[in-house]
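Using this note's numbering, the first residue of the sequence shown is number 14, and each one after it goes up by one.
Cβ coordinates follow ideal geometry from the N, Cα and C atoms, glycine included.
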Amino acid sequence: MLNIETETQSAHHAAQRVMQQEGQALLAMAENIPEDFDAAVALILRSTGRVVVSGMGKSGHIGCKIAATLASTGTPSFFVHPAEASHGDLGMVTPEDVCILISNSGETSELSDMIAHCSRFSIPLIAISKNPDSTLMRAAGFKLTLADLPEACSIGMAPTTSTTLTLALGDALAVALMEQRKFQPENFRDYHPGGKLGARLSLVSQLMHAGSAVPLVRDDMPMSDVILEMTARGFGAAGVVNAEGQMTGVITDGDMRRNLEGLLSLSARDVASADPVTIFPDSLAAEALAIMNQKKISALFVVDAQKIPLGILHIHDCLRAGVA
Numbered sequence: 014m015l016n017i018e019t020e021t022q023s024a025h026h027a028a029q030r031v032m033q034q035e036g037q038a039l040l041a042m043a044e045n046i047p048e049d050f051d052a053a054v055a056l057i058l059r060s061t062g063r064v065v066v067s068g069m070g071k072s073g074h075i076g077c078k079i080a081a082t083l084a085s086t087g088t089p090s091f092f093v094h095p096a097e098a099s100h101g102d103l104g105m106v107t108p109e110d111v112c113i114l115i116s117n118s119g120e121t122s123e124l125s126d127m128i129a130h131c132s133r134f135s136i137p138l139i140a141i142s143k144n145p146d147s148t149l150m151r152a153a154g155f156k157l158t159l160a161d162l163p164e165a166c167s168i169g170m171a172p173t174t175s176t177t178l179t180l181a182l183g184d185a186l187a188v189a190l191m192e193q194r195k196f197q198p199e200n201f202r203d204y205h206p207g208g209k210l211g212a213r214l215s216l217v218s219q220l221m222h223a224g225s226a227v228p229l230v231r232d233d234m235p236m237s238d239v240i241l242e243m244t245a246r247g248f249g250a251a252g253v254v255n256a257e258g259q260m261t262g263v264i265t266d267g268d269m270r271r272n273l274e275g276l277l278s279l280s281a282r283d284v285a286s287a288d289p290v291t292i293f294p295d296s297l298a299a300e301a302l303a304i305m306n307q308k309k310i311s312a313l314f315v316v317d318a319q320k321i322p323l324g325i326l327h328i329h330d331c332l333r334a335g336v337a
């Protein structure tokens, strides 16, 4: 009969051992970045084509992720399966491109046609392998050599440490290229319009109410008219503007409660809170939501650099869009 407690402890220890071993391998590679890394980054930056990534088996799975990360962070890239490349997909790879071929041993036979294609058409080749004397590495103009460290599995054969190092090296390439390209959150948003991430990267201008929907009142408007305007728009607030159209204050339900005595005899400027919290239209909606939560307010007026009101954003607009 199995001892459940003993089996659980054994699995726990195995998990710790694997993570510690792979973590130590990553730290070791961080202290010994491949010599051609900087040159490989410069090569990709100069390229007018795309980065074509290929590998077989587990290396191929890692290659798919590397290509996807590059593509989503400003470096056009795609994965080509080496077997499919030998049956026509080599036509996807042009002389303007850069190839990254991945093989832990450097002797993966399925990559031979890719290597020959790169050589024939003078396509720059970046190789990732732990074997610096392998066929792949000898053919490559840029060599990203992995640390030759044991795999983390108990038999020392299943790709574990090696794939972790390869994945991290791909991430390092992508991040280095991002920084060199000055890749910004708005660029990232362009490639991630869908789902939760797309919502969090929405701009205020995409979610705000504009035009006649914005509750705006003159600073000399009687409070009886201000109340009508606020009620009609339904945001629980009104922006107060001066004769030049600049926003000088905001009136909320709270401001009216604080001025109940003689309220209808007052004008907008008498009740408004000066220097209201505002936001620019090109700010992230997530930033607007954070401000509203911090200030404990339910709406933000959107203004330009001259404090001319352009719109209003309600906290419910952010929540409906999935920004939270």
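On the CB-based measure, 16 or more other CB atoms within 10 Å of its CB, does residue i come out buried or exposed?
i           : result
residue 164 : buried
residue 108 : exposed
residue 168 : exposed
residue 306 : exposed
residue 134 : exposed
residue 194 : exposed
residue 318 : exposed
residue 265 : buried
residue 174 : buried
residue 73  : buried
residue 198 : exposed
residue 257 : exposed
residue 183 : buried
residue 132 : exposed
residue 148 : buried
residue 30  : exposed
residue 215 : buried
residue 53  : buried
residue 44  : exposed
residue 241 : exposed
What residue does the beta strand (DSSP E) around residue i start on, and which one ends it?
i           : result
residue 127 : Per DSSP, residue 127 belongs to no beta strand (DSSP E); it is in the alpha helix (DSSP H), 125–133.
residue 90  : 90–92
Using DSSP bridges, identify the partner residues of residue i.
i           : result
residue 231 : 254
residue 339 : The first residue shown for the chain is 14 and the last is 337, placing residue 339 beyond what the model contains.
residue 67  : 114
residue 322 : 316
residue 291 : 314
residue 223 : 324
residue 140 : 114 and 156
residue 297 : 216
residue 280 : 235
Can you give me the start and stop residues for the alpha helix (DSSP H) that residue i sits inside?
i           : result
residue 95  : 95–98
residue 50  : 50–59
residue 309 : Residue 309 -> no alpha helix (DSSP H), and no H or E assigned at all.
residue 330 : 328–333
residue 102 : Looking at the DSSP string, residue 102 is not in any alpha helix (DSSP H), and its letter there is neither H nor E.
residue 219 : 217–220
residue 244 : 236–246
Return the Cβ separation of residue i and residue j in integer angstroms, given the expectation that the two are a contact with Cβ distance under 8 angstroms.
i           : j           : result
residue 88  : residue 187 : 7 angstroms
residue 111 : residue 93  : Actually they are not in contact, since the Cβ atoms of residue 111 and residue 93 sit about 13 angstroms apart, beyond 8 angstroms.
residue 38  : residue 177 : 7 angstroms
residue 263 : residue 286 : 6 angstroms
residue 79  : residue 66  : 5 angstroms
residue 331 : residue 302 : 4 angstroms
residue 64  : residue 113 : 6 angstroms
residue 126 : residue 98  : 6 angstroms
residue 323 : residue 290 : Actually they are not in contact, since the Cβ atoms of residue 323 and residue 290 sit about 15 angstroms apart, beyond 8 angstroms.
residue 311 : residue 249 : 6 angstroms
residue 221 : residue 321 : Incorrect: roughly 14 angstroms between the Cβ atoms, too far for contact.
residue 230 : residue 253 : 6 angstroms
residue 139 : residue 153 : 6 angstroms
residue 120 : residue 95  : Their Cβ separation, rounded to whole angstroms, is 13 angstroms, which puts residue 120 and residue 95 out of contact at 8 angstroms.
residue 117 : residue 156 : Actually they do not touch by this definition, with Cβ atoms about 14 angstroms apart.
residue 76  : residue 115 : 5 angstroms
residue 273 : residue 237 : 14 angstroms between Cβ atoms; not a contact.
residue 196 : residue 82  : Between residue 82 and residue 196 the Cβ distance is about 12 angstroms, and since that is not below 8 angstroms, they are no contact.
residue 294 : residue 158 : That pair is no contact at about 49 angstroms.
residue 246 : residue 235 : Not really, about 17 angstroms apart at Cβ, beyond 8 angstroms.
Item to check | Segments assigned beta strand (DSSP E), at least 3 residues, entirely inside the region 143–176 | outcome: 155–158
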